[in-house]
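For the sequence shown, the tail end lands on 406 under UniProt numbering, and the numbers increase by one without skipping. Think of the CB as a built atom: it goes at the ideal place given N, C-alpha and C, for glycine as much as any other residue. Inspection log for the structure reproduced underneath, given as structure tokens.
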Amino acid sequence: MSYVPPHKRADKESAGLRLTPAILEPQKRRNLNPGSSRTNIDKSGRIVYSNSAISKWFIVGLDGDGQIPPSVLLQPVRVDSVERVTGEKPLALVKNSPENGGGLNQDNPEQPWVYIAENVLHDLLSSFENVMSGRKEQHSRDSKPTLVAKVGTILFHGSRKSSIPEDPERTLLSESLLRQFRRTFYTNIPSSYMENVMNNVASKIGVDFEQSKDLYNVKLSDKSQPKATISCKCRVREEGQRLQVFKIEMNPIRHMVADVSCLGKNLDLRLMLTTKTILTDLCEDEMAGIEELISSVVIDPNVKGGLRWPLGKQSSRDRFEVIGVWHTSSRAYSSPTLRLKVRNADRFDFRTSAGEATGEVSLKLKGIASELLGSDKLDSESNRGMILDAIKLLWEQFLQSDKVLT
Numbered sequence: 001m002s003y004v005p006p007h008k009r010a011d012k013e014s015a016g017l018r019l020t021p022a023i024l025e026p027q028k029r030r031n032l033n034p035g036s037s038r039t040n041i042d043k044s045g046r047i048v049y050s051n052s053a054i055s056k057w058f059i060v061g062l063d064g065d066g067q068i069p070p071s072v073l074l075q076p077v078r079v080d081s082v083e084r085v086t087g088e089k090p091l092a093l094v095k096n097s098p099e100n101g102g103g104l105n106q107d108n109p110e111q112p113w114v115y116i117a118e119n120v121l122h123d124l125l126s127s128f129e130n131v132m133s134g135r136k137e138q139h140s141r142d143s144k145p146t147l148v149a150k151v152g153t154i155l156f157h158g159s160r161k162s163s164i165p166e167d168p169e170r171t172l173l174s175e176s177l178l179r180q181f182r183r184t185f186y187t188n189i190p191s192s193y194m195e196n197v198m199n200n201v202a203s204k205i206g207v208d209f210e211q212s213k214d215l216y217n218v219k220l221s222d223k224s225q226p227k228a229t230i231s232c233k234c235r236v237r238e239e240g241q242r243l244q245v246f247k248i249e250m251n252p253i254r255h256m257v258a259d260v261s262c263l264g265k266n267l268d269l270r271l272m273l274t275t276k277t278i279l280t281d282l283c284e285d286e287m288a289g290i291e292e293l294i295s296s297v298v299i300d301p302n303v304k305g306g307l308r309w310p311l312g313k314q315s316s317r318d319r320f321e322v323i324g325v326w327h328t329s330s331r332a333y334s335s336p337t338l339r340l341k342v343r344n345a346d347r348f349d350f351r352t353s354a355g356e357a358t359g360e361v362s363l364k365l366k367g368i369a370s371e372l373l374g375s376d377k378l379d380s381e382s383n384r385g386m387i388l389d390a391i392k393l394l395w396e397q398f399l400q401s402d403k404v405l406t
């Protein structure tokens, strides 16, 4: 029988993910919404929000009347991975002409980062308090919170409330209109931007090269628990052509997501507070099932995601099944308070038969997370300064690129 690539095979077992108590128990202990054992999950089954999660979007760069400047247009952009899912081109806010100090909010004409900080400060502290309350109630000190900033482009899609305008560039824009659309934060950025971050920005913000990594991330599901995804982080063994698992994690849980459309820049900003659970107490049978999948994989740079499985080897023990693969090559830079990651990622989703190669930049604000983690009391006055400094750094160093989506 000739070989059939994984992304062309029929899915004979449309099962979800089931985890035995041995796997589920760590997640139950780490539930971060007191009084509830549930978390919210999006339809893809890959993104999990805590029940107390805060998700918000706002614009910085409105004019003196609080309106979107007429120089900003809503334009269709080509993003193949998004079009395959939605069936239509997404839209992005694009400046049509340069402005003096463009994108500065009317309340803070010279300091747009102040406006951003004031809009996220209360929500960040509130979300962090919920995380800490859950850790105390569950008597758990692992799953430490992570605060990360990402750069990208906020894309708008049609929804039940509002369809994409036939001529979006001539549509009178308002914040209320944009809120009727669905949104996606698209993190793919140009290679020239990544090179500038590594060659120039890293030294400006005081981070030193830490390490480079070439990893494979194998996403697994289990048939009876569709609301969870296991991520197996793997590296190539020294003898080559075989993978070795070195870390197994559950879905990261999102507690706060703040997306900011930055009209004075050509990149947007996301601030996100998450926790992640590392599985350390899997039983022998569970580990054996996972290792069966990893040991049968074939490293193949000619397929999306870089990995393929022989026919019939994509599931094990009638339980675990491969649902996605990532091949990532990254460089990390670090200081006592920041960790910068520049990453190329080649992804493939077996459920949708869709793949994409992206370049991504993220900044982990570990100094803020550590400070909040060690605080006896969280209040806006004492924590405002460090959050303001972090967002100012992001605004000045990370939100401009020489290329944008077209």
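Beta-carbon gap between residue i and residue j smaller than 8 Å
i: residue 249; j: residue 231; result: yes
i: residue 291; j: residue 245; result: yes
i: residue 312; j: residue 348; result: no
i: residue 181; j: residue 157; result: yes
i: residue 392; j: residue 146; result: no
i: residue 305; j: residue 112; result: no
i: residue 149; j: residue 394; result: yes
i: residue 388; j: residue 114; result: yes
i: residue 159; j: residue 54; result: no
i: residue 73; j: residue 96; result: yes
Nearest-angstrom beta carbon gap, residue j and residue i [assumed within contact, 8 Å]
i: residue 267; j: residue 155; result: In fact, because the Cβ distance is near 13 Å, the residues do not count as touching under 8 Å.
i: residue 361; j: residue 151; result: 6 Å
i: residue 187; j: residue 358; result: 7 Å
i: residue 278; j: residue 218; result: With a Cβ gap of about 16 Å, residue 278 and residue 218 do not count as contacting.
i: residue 192; j: residue 403; result: 6 Å
i: residue 275; j: residue 131; result: 6 Å
i: residue 223; j: residue 319; result: 6 Å
i: residue 330; j: residue 203; result: With a Cβ gap of about 18 Å, residue 330 and residue 203 do not count as contacting.
Buried or exposed by the 16-neighbour rule on C-beta atoms within 10 Å, applied to residue i
i: residue 346; result: buried
i: residue 83; result: exposed
i: residue 256; result: buried
i: residue 209; result: exposed
i: residue 90; result: buried
i: residue 283; result: exposed
i: residue 144; result: exposed
i: residue 50; result: buried
i: residue 64; result: exposed
i: residue 135; result: buried
i: residue 280; result: exposed
i: residue 37; result: The pLDDT assigned to residue 37 is 32, lower than 50, so where the model puts this residue is not dependable; a value taken from the coordinates is nonetheless given after this. Counting Cβ neighbours within 10 Å, residue 37 comes out exposed, since fewer than 16 surround it.
i: residue 381; result: exposed
i: residue 377; result: exposed
i: residue 289; result: buried
i: residue 176; result: exposed
i: residue 172; result: exposed
i: residue 239; result: exposed
Neighbourhood of residue i by C-beta distance below 7 Å, restricted to the same chain and skipping five residues each side
i: residue 260; result: 58, 60, 116, 268 and 269
i: residue 241; result: 299
i: residue 401; result: 189, 190, 193, 266 and 267
i: residue 43; result: Residue confidence is low: residue 43 scores 40 on pLDDT, short of 50, so the model does not pin down where it sits. Its coordinate-derived value is still stated next. Counting only Cβ-Cβ distances below 7 Å, and skipping sequence neighbours, we find nothing.
i: residue 368; result: 147, 386, 387 and 390
Per DSSP, the bridge partner or partners of residue i
i: residue 217; result: 233 and 326
i: residue 149; result: 271 and 363
i: residue 260; result: 58 and 269
i: residue 249; result: 231 and 278
i: residue 157; result: 182
i: residue 94; result: 73
i: residue 244; result: 235
i: residue 333; result: 209 and 340
Residues of its chain near residue i, where Cβ-Cβ distance is below 8 Å and the 5 sequence neighbours each way are ignored
i: residue 197; result: 340, 342, 361 and 398
i: residue 309; result: 6, 293, 296, 297, 298 and 322
i: residue 384; result: 117 and 121
i: residue 85; result: 352 and 354
i: residue 179; result: 57
Own chain residues within Cβ distance below 6 Å of residue i, not counting five before or after
i: residue 426; result: The structure shown does not extend to residue 426, since the chain spans only 1 to 406, so no value can be given for it.
i: residue 207; result: 333, 334, 335, 338 and 340
i: residue 69; result: 63
i: residue 247; result: 233
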